[in-house]
Structure formats: structure tokens, C-alpha cells
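> Residue numbers (this note's numbering): 62 to 295.
The beta carbon of each residue, even a glycine, is placed where N, CA and C say it ideally should be.
(1) On a CA-only basis, which of 213, 225, 111, 93 is nearest residue 231? Give me that one, please.
(2) Could you give the distance in angstroms between the alpha-carbon of residue 139 and the alpha-carbon of residue 244?
(3) Sorted by chain position, which residues of the same chain lie with C-beta nearer than 6 Å to residue 150's C-beta, five sequence neighbours on each side aside?
(4) Just the C-alpha distance for residue 256 and residue 276, rounded to the nearest angstrom, thanks.
(5) Since residue 215 and residue 221 should fall inside the 8 Å C-beta cutoff, what is the C-beta to C-beta distance between them, to a whole number of angstroms?
(6) Residue range of the alpha helix (DSSP H) that residue 127 falls in?
(7) Tell me whether the stretch 103 to 115 and the stretch 172 to 182 touch, counting them as touching only if at least three CB pairs, one residue from each stretch, are closer than 8 Å.
(8) Go through its chain and collect everything with a Cβ distance to residue 130's Cβ below 6 Å, but skip five positions before and after it.
(9) Label residue 274 either buried or exposed according to how many other C-beta atoms from any shown protein chain fall within 10 Å of its C-beta, with 16 as the threshold for buried.
(10) Since residue 123 and residue 253 should fall inside the 8 Å C-beta cutoff, what is the C-beta to C-beta distance between them, to a whole number of angstroms?
(11) Look up residue 178 in the DSSP assignment and say whether it is helix, strand or coil.
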């Protein structure tokens, strides 16, 4: 390998870095989270394959979620549930959290991998139980419906019923297990849904503004649930 220094400051919008982007096959990096929207748009504009690290909350960005919904980007093959993700760090790194087999590791909470490179894990359907069995053996009660959406609340991904035909609200961590052949992503329920979702989708979801939903968060028993992905079976 040959290494050379950039002449400029490394700004990804500079002509120098754009030229490097255009010459590349795959871009793998950790962009500044504050510029995640702009960097992702820069990658899409360049029609590049990529694997990048981002904050889990980036999923709800109006510039990002439509790409996920339309299967233009998805989560990587690793553990992408938004919990503590471990990264190997250099030997001289001081701020690490564990050491195994002579290698140092640090974790960063709330980070996930975004990519447009296909991988086999993405096409593995979730093994699910029937709604009747979930109620009988797990929850001991029927699923609850949101106050402002025509959808039911699914508190855990493993509790998605395999025979429910309607719209379901699932935790964001669902995306790390989403198989596009199994489910359709309709939209997401968060504080920017009312402003970002097309009117026809809001109508399909049966959205009715709630005084406490902060612009579209899923309301249940008077409280807003943390961001939900609204899905249904194909």
C-alpha cells in the first residue's frame, strides 16, 4: 500500500475529496455525526457503495428514513440494535473499556452501521409465533392500539405475530432483523412524522394528531412511545 497526504483539510465537499470519492469502489468510514445527513447525501449523489457508522437516531431523519423504507440503504450485518457496540481500537489507545486476547476494545452507545451492500443476514426471515400463542404464553393480554395511529404496539421484536394483517409499531431495533421479503416498512412514528410523511401515508396510517405526540410520536395510554417503525406483513 502507498500512503499520501491530502493537500487540503480533508473536507468531504472539497474537490480533492470528491475526486477520491469518484475513484473509489467502496467507502468505509465514520463520518461526523453532526454532518451525517450531508455525508449520506454526498455518498448517494456519487452512487457509491458504502459502510458507515451513524447514530441510531439518524434513522428518524427525514433525509434518511425514506432511503430505508425504499430499501436503498439498510443496517449492516453485525449487531445493530443501538446498544453498546464494541470497536477494536489501536494498541496505544488509552480510553478503552476491555481487553481480550491482547486487543483493546471500546464501546460507543447508540451507534449502528448503515450500508447499501447486500448481505445474507438481511434476507433471513424472523421466526415468529401466532397472535394467539403470544397472548397465551407470553403477554397474557391482547395487543394494544395506539391512540393516534391505526396500528398496534409491539413492545419487542420477538413478539411480532406472524398472522396479524394490520399495521404494527415495532422498536427501531427491528431494522437490524428486517427481511424485506417478509415485511413492508410503511413509515416511522416519531416527533417529525407529521412534517415528513407524505399525506397519503398519514392517511393510510390513520394518523390523528394528539396534543402530546410532539408531531407524530406513537401514543399509548397517554404517553408517547420512543420511536417506532410502522410495518406490516407482505
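Looking at the coordinates:
(1) 213
(2) 20 Å
(3) 157, 165, 167
(4) 7 Å
(5) 5 Å
(6) 126 to 130
(7) yes
(8) 246
(9) buried
(10) 6 Å
(11) coil
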